[in-house]
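In mature numbering (1 follows the signal peptide of the UniProt record, and there is no 0), the protein residues as written are -25 to -1, 1 to 867.
By construction, the Cβ of each residue, glycine as well, lies at the ideal position given by its N, Cα and C atoms.
Please read these numbers as outputs of a predicted model, since none were measured by experiment.
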C-alpha cells in the first residue's frame, strides 16, 4: 500500500500558516479588482521635443572628421587657461607673452596645421608663378619632343593617374556640396529652436499655484469610489474569511479522511501478512521431509554404476534438491497486531463530513458582525487630509523663480538680433561655399573633358606628328583649368579654333598630308599658348584663397568640436562650471537666481534628466516639501483602527472524534514501521526449492528411457512421477503464498514510514488547530479587513501617485532644463559643427588633390599634341604647311 504523496503538503502549509499568521489571507482577489481612477490633467504642455540628428549617409564622414580632430587636438580640456581668461582678463594683457605661449601649447595641433597651410600658401603660388614664366618663355612643357617605344605606356599611365585624381576630386567636391547644403538646411531649424527653448523654460514657473489647486480638488474622486465600495462590505468579508480559513481546515479534514483510508488499507495488509506467514510455515513443515526423501533416493539411483546417459548432470541437480526459503526464521508480527486490535474503531468518512457541515456556517457568523463598523468608516472617509487642503497655498512664491523668468526673458530678447544676423551670415557663407565648390567642380569638368577629347584625338590620329583638333582641344581643356585673362576673343573658344575644331579638314588628316592653315591662325595659336600658360598660373594662384578658407574654417570648427563639443559630451564643461572659482560671479547660476545655496550645474542637469522637481533642484526643500503634503498616514489611522475592531465569537471546534483519536494513537504506537521487512524480503527472494523440481522430473523421465537396466529405469521413472506430484501439490501452493506475502510486504514497507509521520503530524496539528482556530479566525478577519483597507487606500495611492507625477513631471518639473541643454549640444555639435567641419574637410581634400591634378594635367596634355618635327615651308607668308598647331618657334 502506497499512501497519497500530497498528504504532507497541506500539513506543512498548515504549520506555516499557524506559525506565520501574517501569511494568511494575503490573497485579496476575492474582494474584486481595484479600479483605475481617471484624473483630468491640469498642467500645460511644457515638453521640449528632443532634437536628434537622424542617421544618414554622411555619418561615416562626420565620424572620420571627429577622429581626425581627435588626432589634431590631443590635449585635455584647458581648465586653467579658460579660468584665467574668464576671471583675470587684465592679467592676460599684462602677461601676454606667457598667455600666448600657453594658448600655442594647447593649440599645438592647429599650429602644425597653420604651418602646413603657410607652406602650402608659399610654395604653391611660387611654383605656379615659376611654371607660368617657364611656359611663357617656352622653356618647359609644351609637347613631347621625340617619339620612343614607351610613349604610349607613359601617356596611358599619366592619363590613369589624372583620371584617378580627378575622381577623388569629384568625390570631394560632391561631399563639399552636400555638407555645405546640409549646414545651410540645418541652420534655420537650429536658430528657430533657440527662442522655442527659452519660451519653454520661461513657462516652467508660471501658473504653478493655480494648477496645484486644480490638482487638490480632484481628491474627491478616490473619496467617492471608497464610499461606494463600503456598501455591502460585510458580506464580502464573511466570504473572504470562510475562503481563507477553508484553505487551512479543508486540507486538514481531507488529510484525516485520507489517513483513515490509509489506516484501513494498512490493517488489511497486516492481517494478510500474518495469515500468509502462518500458512507458509505449515507448508514448509510438510514440504521439507518429502523433498529430503526424494533427494536421498535420487542420489542412490544416480550413483549406481549401471546408470547410463547424463547421470552425472542429473546427479548435480539432485544434490540441490532441498528447500531454499526458510520462513521459520522470519520474526512474528503478533505484537503489532495486538496493539492494533480493534482498529479502526471510528468511521473517518462520516466524521469528516460532519465537520465540513459545521464549518460551512462560519460565513454567516462573520457577516453579522460588520454592520456596526461600516458606519464609522464612512464618517472617516468623508474627511479630507490636511496636506491636500494646503497643497496649493503652501507652495512658496519663490524669488528665485521670478529672477529665473526675468533672466530668460532678457536672454530671449538679446538673442534675437544675433540669431537674425546668424541666419544672414549663414546665407553669405552658403553662397561662398557654393562658389568655391563650383570652382572646384570646374576643375573636375575641365579634366574630364580634356581626357575625353584627348583620348578621342589619340584614337583618331594615325601619325603621332599629325595635328588633330580633338586632341588639341583636350590638351587645351587640361591646361585651362582656370579662366584666362585674355578676354573672350582668345583662348579655346576663339572663332578660328571653333572653325578648326569642327571643320572636317582638321579631323583625321591622311598620313603624310599637310594641313594648310591661314597665317592669322598661327598668331592666334601663339597667343593662346601664352594664355594657357597664364591659365595654369592662375590655377596655382586659385589654391591660395582656397587654403586660407580651409584653414580659417578648420580653426573655428575644429576648436568648437574639440574645445566645446568634446568636453560637453564628456561632462567636463559641467565639472568646470561647478568648480568654485572657475566662473566669475556674473556667470554663477546661484548668483543669477539669487539663491542662498550654490547649485551644481552637473547635479542639476542629472536631477532634471531623472525628472526631479523644480524646488528640489533649486534646493527649496526647506520651504516646500511635496511628500509632507501627500502624506495620508494620519488619514488612514482612523480607518485602520475601526477595521481592527472586528471580532468573531466561535465555539471550540474538534476535528477528531475520540474514537478516531484512539485509532491514530494506536497506529502511532503500534511499531508497524519497525517490522523487519528486510528479513521477509530476503526469504521471499529465495526460491521455495533450490533446484527446478519440474525440470528435474522431466530429465529423470528422459534418463529412465535411456537405461539398459530395466529395474533402474523403472525406479527413475517412479521418481520422476513422484517429483511431478510433489511440485503440483505442494511447491506451487508455497510459491503462490510467497507471491501474496510479497505484495503485502512491499505495500507495508513503502507506506509504514510515511504513515507514521502523517499520523504524528495530523495528531499534532489537529490538536494545535483545535486550540488556535478561534483566534486564527479573528486574525484572518483582521487580515481580510486589512486587505479591504489596502484596496481602498489604493485609490488614494493612485491619487497621490498621480499628484506626484503631475506636479514633479508636468507642473513643477525641471526636465525642460536638461532637455534644453541636450538640444543645445545637438544644435551646436551635431547639426552645426559636424556639417561645418565636414565642409572644410572636403574643401581641404579638394585643395590638396588639386596640386597633383594640375601636375598630371600638364604632363598629360603633351601627349595629346603631335610630336615636334622640323617644318618645311615654300608657301607665302599668309599660308603655312605644318603638322601641329604650336608654330611660335617658326620664323615667318
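- Pairwise C-beta distances place the region 524 to 544 in contact with the region 48 to 59, as three or more of them are shorter than 8 Å.
- Annotated three-state conformation of residue 305 is coil, per DSSP.
- Residue 740 sits buried, since 16 or more C-beta atoms from the chains shown fall within 10 Å of its C-beta.
- Of 154, 16, 95, the smallest CA-CA separation from residue 33 is found for 154.
- Under the criterion of beta carbons closer than 8 Å, residue 646 and residue 283 do not qualify as touching, at roughly 60 Å.
- Shown here, residue 27 sits in coil according to DSSP, grouped into three states, outside any helix or strand.
- Using a Cβ-Cβ distance cut-off of 8 Å, the region 420 to 430 and the region 137 to 151 are in contact, since at least three pairs of beta carbons, one from each stretch, lie closer than that value.
- Bounds of the alpha helix (DSSP H) holding residue 583 are 576 to 584.
- In this chain, the alpha helix (DSSP H) harbouring residue 728 covers 707 to 781.
- Residue range 790 to 800 is occupied by the alpha helix (DSSP H) that includes residue 791.
- Here DSSP, grouped into helix, strand and coil, assigns residue 231 to helix.
- In this structure, residue 367 places its C-beta atom within 8 Å of the C-beta atom of residue 187.
- The secondary-structure analysis by DSSP pairs residue 588 across a beta bridge with 788.
- Closest by C-alpha distance to residue 518, out of 244, 14, 95, is 95.
- For residue 344, there is no enclosing alpha helix (DSSP H), as DSSP marks it with neither H nor E.
- Nearest neighbour of residue 657 by Cα position, chosen from 527, 176, 304, turns out to be 304.
- DSSP lists 298 as the bridge partner or partners of residue 664.
- Here residue 583 has 592, 789, 790, 792, 793 as same chain residues with Cβ atoms under 7 Å from its own Cβ, once five neighbours each way along the sequence are excluded.
- Secondary structure of residue 59 (DSSP, three-state): helix.
- Counting only the Cα atoms, residue 359 lies some 16 Å from residue 615.
- In the structure shown, the three-state DSSP call for residue 10 is coil.
- About 6 Å separates the CB atoms of residue 709 and residue 262; that is less than 8 Å, so the two are in contact.
- Excluding five sequence positions before and after residue 84, the CB atoms of its chain that fall closer than 6 Å to its own CB belong to 47, 48, given in chain order.
- Residue state for residue 111 is assigned as helix, using DSSP reduced to three classes.
- Between the region 292 to 308 and the region 253 to 260, the count of C-beta pairs closer than 8 Å reaches three or more; the two stretches touch.
- In the structure shown, residue 625 falls within a coil segment according to DSSP collapsed to helix, strand and coil.
- The C-beta of residue 325 has fewer than 16 other C-beta atoms within 10 Å across all chains shown, which makes the residue exposed.
- When only Cα atoms are considered, residue 56 and residue 38 end up about 28 Å apart.
- The C-beta separation of residue 266 from residue 713 comes to about 16 Å, leaving the pair out of contact by the 8 Å criterion.
- In this structure, the straight-line span from the alpha carbon of residue 322 to that of residue 641 is close to 15 Å.
- If you draw a straight line from the Cα of residue 61 to the Cα of residue 74, it comes to about 13 Å.
- Taking the CA atoms as reference points, residue 545 sits about 12 Å from residue 551.
- Classified as exposed, residue 620 has fewer than 16 neighbouring CB atoms from the shown chains inside 10 Å of its CB.
- For residue 162, the enclosing alpha helix (DSSP H) starts and ends at 126 to 177.
- Going by beta carbons, residue 814 and residue 528 fall inside the 8 Å limit.
- In the structure shown, residue 82 falls within a coil segment according to DSSP collapsed to helix, strand and coil.
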